[in-house]
Structure formats: structure tokens, C-alpha cells
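Structure first, commentary second.
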Amino acid sequence: MNPIKIAPSILSADFAKLGAEIAEIERSGADWLHVDVMDGHFVPNITFGAPVLQAVAPHTGLFVDVHLMIENPENYIADFVKAGAHMITVHAEACVHLHRVIHLIKEHGVKVGVALNPATPISAIEEVLDDLDMVLVMTVNPGFGGQAFIPRMVDKVKQLRDWANAKGHTAFHIEVDGGISATTAKLVVDAGADVLVAGSAIFGAPDRAKAIQSIRDSLN
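Each residue of the sequence shown is one higher than the one before, counting from 181 in my numbering.
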């Protein structure tokens, strides 16, 4: 399996000093930067668009992981790639023509992921799994930060990892997003996850480096 990556979500950052917040989590040992984009339609919240990413991306060396929780994501792929995304993840539930959207992302030269809401089974993406760099398992219902982890999603992570192993996909990422902390991280990593999105557990902590390290320590 890949080395474990910790991807703080800027959804929980202080937007008034976003650049400084990103710089701090980079210094504190983060591996990826997780960017949650919400449109108020697919999920009941609105965050920000490509211009915000374009403003901050040049100032970080972190891998930029963009999670589009929006309707019609195909209309915005080019904008987010231009803004600095290294990977774009779309929701299976938001794409009428999922295969087409996946290959549109690939054509823009970035990595591609597909996210599954808690009620969506793995079978929904069975026909496109071979095309993906990552599957994002939502461990909460998307739309708000700070929600409680849904324990049943651990089984979904294990099913995905078993599939990846059976197919020989050694570089296949499984990301989890929602309620990830030093308490829940080991559960999903033991099941096969290798990318941990954490928002309030990191940005809500007075010492971000200590918060990131506590998640790493919990995996041992």
C-alpha cells in the first residue's frame, strides 16, 4: 500500500488568513492540501471557486487535491486545472456520464478520483474503477465540516482495498473524508485507506503540527 498521506481540508481553515493557514499546515507536516468545493445545490453549503484556489496554489508546494461537491462538474474542470489542481475528484452521484467526465479530467493532464457518498455502493463505479487514480469514501454525508464519523464506512474501505489488491493496483489511492481524527484514523487505515482528509481535527487545534503528528502516531 502507498505511504499514508494526511490532507488537511481548508474547509476548516480561517478564510481571513487562508494563505497563512496553508503555509502553517505545510510547515507542520501535511502531505496534501484538500480543497472542498461546494455549490449549494449538490450539497447544502457554498464554499469557493477556482479563483480562490488560483490565489493560493502558487504559494504552496503541497499536492493540491480538489474535491468537487458540485453539479455539472464537467463545466469547471478546465478552470480548476488552470487554478492549480493536481487531482480532481468528482462525485459519482453528480455525473450523468461518469466515464466521460473521468476522461475529460485525464485529458487535462491531472489525476482523477471519484467520490462515493455514504449511501452509494461501490458497485456504482465498478465499470470505471480501472480508470481511476483514487476513490474517495465519504465517511460523513458531505456538505459541512465537523460531522461525526460513520463507522459502517470502514467496511466500504475494506471492500475497495480488497478489489484494488485483487486487480494489482498497488498505486491505487483510497481517500477518506469526514470525522477523521487520531481516534478514527487507525480504523480506516487498517481497512486499507492511505489518504486521510482531516479538517477540524487539524485546523481546529491550537498546535497544527502536534495535531498532524497525533494522527500519524495513532496509526502505530
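Positions of the beta carbon are idealized from the N, C-alpha and C atoms, including for glycine.
- Taking a contact as a CB-CB distance under 8 Å, the pair ILE354 and VAL337 counts as one, their CB atoms being some 6 Å apart.
- Under the three-state reduction of DSSP, ALA237 is assigned to helix.
- By the neighbour-count definition (other C-beta atoms within 10 Å, threshold 16), ARG388 is a buried residue.
- For the stretch 327-373, the full-length alpha helix (DSSP H) segments reaching 4 residues or more read 333-347, 365-371 along the chain.
- Residue environment for ARG341: buried (at least 16 other C-beta atoms within 10 angstroms of its C-beta).
- Of the residues assessed, PRO224 falls on the exposed side of the cut-off, its CB having fewer than 16 other CB atoms within 10 angstroms.
- Looking at the DSSP output, THR269 bridges to HIS247, GLY293.
- For HIS214, the enclosing beta strand (DSSP E) stretches over residues 212-218.
- Take PRO322, set aside five residues on each side of it, and the residues of its chain with a beta-carbon closer than 7 Å to its own are VAL223, MET249, ASN297, in chain order.
- Annotation: the continuous beta strand (DSSP E) that includes ALA378 extends over 375-378.
- Between the C-alpha atoms of LYS390 and ASP310 there is a straight-line separation of about 37 Å.
- Sorting SER361, LYS262, VAL276, ALA385 by C-alpha distance to the C-alpha of ASP397 places SER361 at the top.
- Judged by DSSP in its simplified three-state form, VAL315 adopts strand.
- DSSP places ILE184 outside both helix and strand once states are collapsed to three, so it counts as coil.
- In the DSSP annotation of this structure, the continuous segment of the alpha helix (DSSP H) that includes SER394 starts and ends at 388-398.
- In terms of Cβ geometry, VAL334 and LEU284 do not form a close pair [threshold 8 Å].
- About 6 Å separates the beta carbon of LYS185 from that of ASP374, a gap short enough to meet the 8 Å contact definition.
- Taking the C-beta atoms as reference points, ALA295 is found nearer than 8 Å to HIS247.
- A residue is called buried once 16 or more other Cβ atoms fall within 10 Å of its Cβ, and SER189 is buried on that count.
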